[in-house]
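Visitor: Before I ask anything, here is the structure I am working with.
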Amino acid sequence: MKKIEKSEKNKGMMSLSRRHFVQTSAALVTVPFFARNAHANTDKSLPMAKIDTTPATVVATCSTFDCGGKCDIRAHIKEGIVTRITTRPDNELDETMPIMRACVRGRGYRKFSYHADRLKYPMKRVGKRGEGKFERISWDEATTLIAENVTRLTVKHGAASRFLTVSTAVTGGIFSGDTMMKKLFNLTGGYLPYYHSVSLGNTLKVTPYTYGIAKTGSSLDTLEDTPLVILWGHNPNETIFGHTNHYFQKMKNNGTKFIVVDPRYSDTAQSLADQWIPLLPTTDNALMDAMMYVIVTENLHDKPFIDKYVIGFDEEHMPEGVPANESLVAYLTGMKDGVLKTPEWAENITRVPANTIRQLAREYAMTKPAALIQGWGPQRHICGERSARGSSLLAAITGNVGKKGAWAAGYGGIGNRQSIHGPNIGENPVKAKISIMNWMQAVEDASSVRAEDGLLDADKLDTNIKMIFSLAGNYLVNQNPDVNAAAKLLADESKVEFIVVSDLYLSPSAKYADLVLPETSFLERWNIGNTWGTGNYFLLSEKVIEPAFERRSDYEWITEVAEKMGVKEAFTEGRSEKEWISHLVDTNKTRFEDRPDFPNFEELQKTRHYLFKDAPFVAFEKNINDFENNPFPTPSGKIEIFSKRLYDMNNPDIPALSHYVPAIEGPEDKLAEKYPLQMLTWKGKNRANSTQYANPWLKEAQRQEAWINPIDAENRGIKDGDMVRIYNDRGITEIPALVTQRIIPGVVGLQAGAWWAPDENGVDHGGCPNVLTSTRMTPLSHGNSHLTVLVEVTKA
Ligand SMILES: Nc1nc2c(c(=O)[nH]1)N[C@H]1C(S)=C(S)[C@@H](COP(=O)(O)OP(=O)(O)OC[C@H]3O[C@@H](n4cnc5c(=O)[nH]c(N)nc54)[C@H](O)[C@@H]3O)O[C@H]1N2
Ligand SMILES: Nc1nc2c(c(=O)[nH]1)N[C@H]1C(S)=C(S)[C@@H](COP(=O)(O)OP(=O)(O)OC[C@H]3O[C@@H](n4cnc5c(=O)[nH]c(N)nc54)[C@H](O)[C@@H]3O)O[C@H]1N2
Ligand code: SF4
Ligand SMILES: [Mo]
1 MKKIEKSEKN
11 KGMMSLSRRH
21 FVQTSAALVT
31 VPFFARNAHA
41 NTDKSLPMAK
51 IDTTPATVVA
61 TCSTFDCGGK
71 CDIRAHIKEG
81 IVTRITTRPD
91 NELDETMPIM
101 RACVRGRGYR
111 KFSYHADRLK
121 YPMKRVGKRG
131 EGKFERISWD
141 EATTLIAENV
151 TRLTVKHGAA
161 SRFLTVSTAV
171 TGGIFSGDTM
181 MKKLFNLTGG
191 YLPYYHSVSL
201 GNTLKVTPYT
211 YGIAKTGSSL
221 DTLEDTPLVI
231 LWGHNPNETI
241 FGHTNHYFQK
251 MKNNGTKFIV
261 VDPRYSDTAQ
271 SLADQWIPLL
281 PTTDNALMDA
291 MMYVIVTENL
301 HDKPFIDKYV
311 IGFDEEHMPE
321 GVPANESLVA
331 YLTGMKDGVL
341 KTPEWAENIT
351 RVPANTIRQL
361 AREYAMTKPA
371 ALIQGWGPQR
381 HICGERSARG
391 SSLLAAITGN
401 VGKKGAWAAG
411 YGGIGNRQSI
421 HGPNIGENPV
431 KAKISIMNWM
441 QAVEDASSVR
451 AEDGLLDADK
461 LDTNIKMIFS
471 LAGNYLVNQN
481 PDVNAAAKLL
491 ADESKVEFIV
501 VSDLYLSPSA
511 KYADLVLPET
521 SFLERWNIGN
531 TWGTGNYFLL
541 SEKVIEPAFE
551 RRSDYEWITE
561 VAEKMGVKEA
571 FTEGRSEKEW
581 ISHLVDTNKT
591 RFEDRPDFPN
601 FEELQKTRHY
611 LFKDAPFVAF
621 EKNINDFENN
631 PFPTPSGKIE
641 IFSKRLYDMN
651 NPDIPALSHY
661 VPAIEGPEDK
671 LAEKYPLQML
681 TWKGKNRANS
691 TQYANPWLKE
701 AQRQEAWINP
711 IDAENRGIKD
721 GDMVRIYNDR
731 GITEIPALVT
741 QRIIPGVVGL
751 QAGAWWAPDE
761 NGVDHGGCPN
771 VLTSTRMTPL
781 SHGNSHLTVL
791 VEVTKA
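Residues in the sequence shown are numbered consecutively from 1, following UniProt numbering.
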């Protein structure tokens with residue numbers, strides 16, 4: 001059993017309590033309840049409240065949201081109730097695990113789980129779809145309705161009429177209702193699957209065109225001595241991305257210089273940056289092009305590196321069969337279009353002063369090594385595939401690939417990351433796949449979804465989507481890029497005939513359900529929390545309290561549906577939820593036979609987490625150090641800054657050599673005459689997407705406001721706090737303005753994930769950005785472009 005280190009340096013009440021009470025293990029720590037009353041009333045003239053001195057049991061656990069982090073939180077439990085949530089104390093030394101301190105959202109978990117608005121009973125729709133009128137029913141009635149409707153609609157329309165939509169709120173765990181519903185579907189004929197991650201799908205698809213693989217990231221311990229980091233549309237202070245903050249803060253203390261390129265002065269810019277370079281959204285490639293112009297014309301590029309490893313740099317390094325003047329140098333020097341891609345040219349497009357571009361280019365090229373790390377905001381644009389590839393061009397021509405302390409840019413997933421697997425859910429008999437961006441078309445008229453729209457592995461679809469399950473998602477309406485279009489489509493009960501939503505709250509999507517099911521929270525069920533981003537560990541997510549009212553885990557009710565459909569045994573394989581978790585830990589252990597310290601379930605209940613400890617990992621190191629035996633897995637064996645595969649597609653929106661092309665609905669679009677402001681959304685600190693939107697503590701932590709620059713505000717007679725109307729042809733939202741220099745002129749910012757709250761005229765009052773965003777697809781990935789939007793703002 002592992003003890004928590006006690007530090008004499010700690011003089012606070014909590015540490016005092018630790019010294020006074022016996023600790024049983026890292027998992028279960030006994031803390032006196034009076035420690036919570038450090039500021040208790042000591043004025044003798046007032047009656048003293050009775051102080052409860054019985055100790056709380058403290059359990060180390062984690063949430064399973066899709067938030068970027070996976071923190072070690074501590075649930076304090078008394079008499080079956082979570083009375084407090086804390087986090088792993090910093091003085092609890094654990095050499096094996098970097099800090100995973102809970103953020104403000106984590107501190108709010110208790111309010112999220114115990115809020116009076118939480119769903120309590122299964123409910124059936126009684127009003128019109130979307131009206132939000134429901135009546136309580138029994139679980140028996142709910143599961144019968146599901147079994148009957150699924151069976152009826154499958155007989156009539158086939159298994160490909162069954163669809164599960166984006167439900168990311170449980171993807172931080174390995175065992176979810178969404179996954180197990182797929183298992184039930186697979187056992188009974190299958191379902192129509194979708195591909196494309198709305199989070200990172202555009203960069204994931206396009207990065208291999210440069211490097212052959214998508215995973216371009218190194219482990220963060222390799223950046224320790226890096227003198228320069230450029231965070232390009234990356235905000236890990238809020239988005240977390242695993243252990244990013246732990247390493248970046250350490251690097252900052254060691255003297256690493258941080259530059260942040262972002263239209264917004266983000267919390268990361270605030271806490272890390274030595275320099276903030278704002279630019280207009282979607283113009284990143286122009287900035288990149290001008291940086292490359294400076295680098296090449298000032299001879300700052302890494303010639304030997306380019307010569308050996310890179311294809312596409314100049315006319316001498318081109319693939320066979322490509323005509324003249326298609327190389328990078330030819331593009332930068334205007335050999336084809338007559339335009340020199342100078343900093344002055346880019347200043348006009350990006351609004352970044354030419355001299356700032358020169359300084360940035362020189363600093364990046366002359367600092368060795370340097371790490372240009374992109375977040376996923378820039379790639380969630382209509383031009384996101386171009387900017388994702390553009391960053392890898394900069395890394396390649398400066399020789400920042402395959403070296404310790406450098407970064408290959410692009411997607412950034414880390415090559416040696418491990419993760420533990422969820423259950424085997426069997427084969428899906430339905431082979432056709434749609435992009436997530438096709439779902440509305442597949443509801444309306446599936447036969448019209450063709451390969452050019454994103455259909456894979458079939459010539460056409462034989463049936464429309466007739467039922468949708470949304471288990472832990474708010475994507476059905478709220479997070480989908482066109483809320484008004486989705487709501488209109490779903491309101492028509494003849495199209496999708498059966499909609500089931502499981503949630504903790506009556507979200508805007510849940511209002512469009514025929515059945516709303518009250519799920520347990522992560523505190524009320526067993527799971528394993530898996531990391532993403534840069535984290536390389538997993539945590540036990542323990543059931544610490546019993547569910548109240550009639551809340552059930554998805555697994556529990558799906559089991560009942562499986563029984564009513566006659567496949568219970570095959571579905572459960574005889575396991576309860578806890579037995580599944582135990583089984584999954586043990587089967588994963590057999591995958592990692594080379595790691596003798598990998599815990600079995602019993603051990604995990606003591607250790608609570610497991611870190612995949614590995615030597616520092618540098619992406620592409622092998623390819624660079626021993627190129628002859630390890631060519632890049634591209635057609636040419638080199639880093640392809642010019643991709644012949646893309647060239648052959650002949651699509652100007654995804655050029656073979658990534659460069660600036662004005663974006664549709666970008667600042668150069670003709671539509672900007674009518675809607676002159678770009679609207680930007682981002683992931684803010686007070687919620688994970690729309691999860692925890694209803695948590696009042698977190699509403700206090702950050703208000704939903706429209707960020708607008710004083711110049712744009714003044715031009716429109718808008719003052720700080722004024723109610724403003726943001727609108728375009730797709731929708732209208734009204735929300736108070738925050739007049740702030742934290743956003744570049746020309747751009748209005750709205751944090752993603754606010755709940756849609758339409759009035760009778762369809763005007764949103766929740767500040768939900770997706771009443772304005774577009775379903776336009778990226779050219780290669782058939783992916784989402786949530787961040788590319790033109791709007792106008794007026795005083796409401
Ligand atoms: N607190 C919090 N953390 C989260 C989430 C959350 O909702 N809340 N969501 C999680 C999820 S699901 C995901 S997928 C990840 C997403 O992680 P990211 O996609 O990296 O996060 P975003 O906030 O969308 O974008 C990052 C930054 O890019 C900037 N940006 C946007 N457009 C442009 C552009 O055109 N150019 C440049 N240079 N910058 C631009 C934004 O202002 C923002 O500061 O975060 C995860 N972490
Ligand atoms: N404008 C704009 N829109 C975006 C984005 C953007 O950057 N800008 N980002 C996109 C991205 S990257 C993502 S990942 C999606 C996310 O979109 P979604 O996958 O829809 O995620 P959430 O909005 O968090 O919705 C999750 C829902 O699940 C519920 N929930 C939480 N925990 C549980 C649980 O344990 N069980 C059940 N049954 N329900 C639970 C929450 O209450 C919430 O209603 O949004 C996308 N939409
Ligand atoms: S929301 Fe994410 S970052 Fe915050 S405490 Fe939970 S796991 Fe950690
Ligand atoms: Mo995401």
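Positions of the beta carbon are idealized from the N, C-alpha and C atoms, including for glycine.
Count the C-beta pairs between the stretch 143-156 and the stretch 552-567 that are closer than 8 Å, then say yes if the count reaches three, no if not.
Guide: yes
Visitor: With DSSP run on the structure shown, which of helix, strand or coil describes Gly-766?
Guide: Working through the sequence shown from its first residue, we reach residue 766 at position 766. Coil at Gly-766, not helix or strand.
Visitor: Determine the DSSP secondary structure at Phe-549, reduced to helix, strand or coil.
Guide: As a working note, residue 549 is residue 549 in the sequence shown. Coil, per DSSP.
Visitor: Which residues mark the beginning and the end of the alpha helix (DSSP H) in which Phe-112 is found?
Guide: In the sequence shown, the residue the question calls residue 112 occupies position 112. Where Phe-112 is concerned, the enclosing alpha helix (DSSP H) stretches over 109-114.
Visitor: Mind checking which residues open and close the beta strand (DSSP E) that includes Leu-228?
Guide: Position 228 of the sequence shown, counted from the first residue, corresponds to residue 228. Start and end: 228-232.
Visitor: Restricting to Cα atoms, I'd like to know which of Lys-303, Ile-499, Arg-687 and Pro-710 is closest to Glu-700.
Guide: Taking the first residue of the sequence shown as position 1, residue 700 is located at position 700. Cα-wise, what sits closest to Glu-700 is Arg-687.
Visitor: With distances taken between CB atoms, is the gap from Phe-185 to Tyr-194 smaller than 8 Å?
Guide: Numbered from 1 along the sequence shown, position 185 holds the residue referred to as residue 185. Numbered from 1 along the sequence shown, position 194 holds the residue referred to as residue 194. Taking 8 Å as the Cβ cut-off, Phe-185 and Tyr-194 do not qualify as a contacting pair.
Visitor: Would you list the residues sitting across from Asn-527 in a DSSP beta bridge?
Guide: For the purposes of this step, residue 527 is identified with residue 527 of the sequence shown, where counting begins at 1. Asn-527 pairs with Ser-541.
Visitor: Quick one: is Ala-40 buried, meaning 16 or more other Cβ sit within 10 Å of its Cβ, or exposed?
Guide: In the sequence shown, residue 40 corresponds to position 40, counting from 1. Reliability fails at Ala-40, whose pLDDT of 44 lies under 50, so the model's placement of it is uncertain and the value that follows must be treated cautiously. With fewer than 16 other Cβ atoms within 10 Å, it is exposed.
Visitor: Can you find the residues in the same chain that come closer than 6 Å, C-beta to C-beta, to Arg-417, ignoring five residues on each side of it along the sequence?
Guide: On the sequence shown, residue 417 is found 417 positions in, with the first residue counted as 1. Contacts found: Asn-536.
Visitor: Cutting at 8 Å between CB atoms, please list the residues of its own chain near Pro-676, excluding the five before and the five after it.
Guide: For the purposes of this step, residue 676 is taken as the residue at position 676 of the sequence shown. Contacts found: Gly-746, Leu-790 and Glu-792.
Visitor: So Arg-125 is in the beta strand (DSSP E); what residue range does that whole segment cover?
Guide: If you number the sequence shown from 1, residue 125 lands on position 125. Unbroken beta strand (DSSP E) run through Arg-125: 123-125.
Visitor: Can you tell me which residues fall inside 5 Å of ligand 3, judged by beta-carbon distance to its nearest heavy atom, and keep chain order?
Guide: Ser-63, Cys-67, Gly-69, Cys-71, Ala-102, Cys-103, Arg-105, Gly-106 and Ile-240
Visitor: When you compare the CB positions of Tyr-364 and Met-292, do they come within less than 8 Å of one another, or not?
Guide: As a position in the sequence shown, residue 364 is number 364, starting the count at 1. As a position in the sequence shown, residue 292 is number 292, starting the count at 1. Contact flag unset, no.
Visitor: Less than 6 Å between C-beta atoms, sequence neighbours within five positions excluded: which residues of the same chain meet that for Lys-111?
Guide: Sequence index remark: in the sequence shown, residue 111 carries index 111 (1-based). Taken in chain order, the residues that qualify are Asn-695 and Trp-697.
Visitor: Can you give me the Cβ contacts of Asn-478 inside the same chain, cut-off strictly under 7 Å, excluding the 5 residues immediately before and after it?
Guide: Reading the sequence shown from its first residue, position 478 is the one you call residue 478. Closer than 7 Å at Cβ, skipping near neighbours: Ser-507, Pro-508, Ser-509, Ser-690, Trp-755, Trp-756, Cys-768 and Asn-770.
Visitor: Rounded to the nearest angstrom, what separates Arg-84 and Tyr-647 at their Cα positions?
Guide: Reading the sequence shown from its first residue, position 84 is the one you call residue 84. Reading the sequence shown from its first residue, position 647 is the one you call residue 647. The alpha-carbon atoms of Arg-84 and Tyr-647 are separated by roughly 58 Å.
Visitor: Excluding the 5 residues flanking Ser-63 on each side, which residues of the same chain have their C-beta closer than 6 Å to its C-beta?
Guide: Within the sequence shown, the letter at position 63 stands for residue 63. If we look at Ser-63 and ignore the five residues flanking it on each side, its Cβ neighbours are Phe-522.
Visitor: Where do the ends of the beta strand (DSSP E) carrying Glu-714 lie?
Guide: Here residue 714 corresponds to residue number 714 of the sequence shown, with the count starting at 1. Run containing Glu-714: none in the beta strand (DSSP E); it sits in the alpha helix (DSSP H), 710-715.
Visitor: DSSP on Gln-23, reduced to helix/strand/coil?
Guide: The sequence position of residue 23 within the sequence shown is 23, counting from 1. Reliability fails at Gln-23, whose pLDDT of 35 lies under 50, so the model's placement of it is uncertain and the value that follows must be treated cautiously. Looking at Gln-23 - three-state DSSP - the assignment turns out to be strand.
Visitor: Run the proximity test for Asp-284: is its beta-carbon closer than 7 Å to any non-hydrogen atom belonging to ligand 1?
Guide: The sequence position of residue 284 within the sequence shown is 284, counting from 1. Correct: Asp-284 has its Cβ closer than 7 Å to ligand 1.
Visitor: Is any heavy atom of ligand 1 found at a distance shorter than 7 Å from the C-beta of Thr-534?
Guide: As a working note, residue 534 is residue 534 in the sequence shown. Flag unset: Cβ of Thr-534 not near ligand 1.
Visitor: In the DSSP output, what is Thr-794 paired with across the bridge?
Guide: Stepping through the sequence shown from its first residue, residue 794 is reached at position 794. Bridge partners of Thr-794: Arg-725.
Visitor: Given this structure, state the Cα-to-Cα distance separating Glu-320 from Trp-532, to the nearest angstrom.
Guide: As a first step, residue 320 is located in the sequence shown; it is residue number 320 there, counting from the start. As a first step, residue 532 is located in the sequence shown; it is residue number 532 there, counting from the start. Computed Cα separation, rounded: 39 Å.
Visitor: Just checking, does the stretch 373-388 make contact with the stretch 405-425 on the three C-beta pairs under 8 Å criterion?
Guide: yes
Visitor: Classify Ala-26 as buried or exposed, calling it buried when 16 or more other Cβ atoms lie within 10 Å of its own Cβ.
Guide: Residue mapping note: residue 26 aligns to position 26 of the sequence shown, counting from 1. Note on Ala-26: pLDDT 41, under 50, position unreliable in the model; the coordinate value appears next. Label assigned to Ala-26: buried.
Visitor: Any heavy atom of ligand 1 inside 7 Å of the beta-carbon of Trp-376?
Guide: Against the sequence shown, residue 376 aligns to sequence position 376. Yes.
Visitor: Checking the sheet assignment: what are the DSSP bridge partners for Arg-136?
Guide: On the sequence shown, residue 136 is found 136 positions in, with the first residue counted as 1. Paired residue(s): Met-123.
Visitor: State the start and end residues of the unbroken alpha helix (DSSP H) segment that holds Lys-644.
Guide: Counted from its first residue, the sequence shown places residue 644 at position 644. Counting along the chain, the alpha helix (DSSP H) containing Lys-644 begins and ends at 644-649.
Visitor: Based on the DSSP secondary-structure assignment, which residues constitute the bridge partners of Leu-517?
Guide: In the sequence shown, the residue the question calls residue 517 occupies position 517. The partner list for Leu-517 (beta bridge, DSSP) reads Ser-502.
Visitor: With DSSP as the reference, label Met-467 as helix, strand or coil.
Guide: Start at 1 with the first residue of the sequence shown, and residue 467 comes out as number 467. In the structure shown, Met-467 sits in a strand (DSSP, three-state: E or B).
Visitor: What residues match up with Pro-736 in a beta bridge as DSSP calls it?
Guide: Reading the sequence shown from its first residue, position 736 is the one you call residue 736. Pro-736 is bridged to Met-723.
Visitor: Let's test the definition: count the other Cβ atoms within 10 Å of the Cβ of residue 848 and tell me whether it reaches 16, buried, or not, exposed.
Guide: Outside the displayed span of the chain (1 to 796) sits residue 848, for which this structure offers no information.
Visitor: Run the CB neighbour count on Lys-3, radius 10 Å, all protein chains shown included, and call it buried at 16 or more, exposed below.
Guide: Taking the sequence shown and counting its residues from 1, one reaches residue 3 at position 3. Only weak support exists for where Lys-3 lies, its pLDDT of 34 falling under 50; the coordinates are left without a value.
Visitor: I need the DSSP call for residue 840, collapsed to helix, strand or coil.
Guide: There is no way to answer for residue 840, as the model of the chain reaches only from 1 to 796.
Visitor: Report, in whole angstroms, the separation of the C-beta atoms of Val-352 and Leu-287, which I expect to be a contact under 8 Å.
Guide: The residue you call residue 352 lines up with position 352 of the sequence shown. The residue you call residue 287 lines up with position 287 of the sequence shown. Sure, about 6 Å apart at Cβ, within 8 Å.
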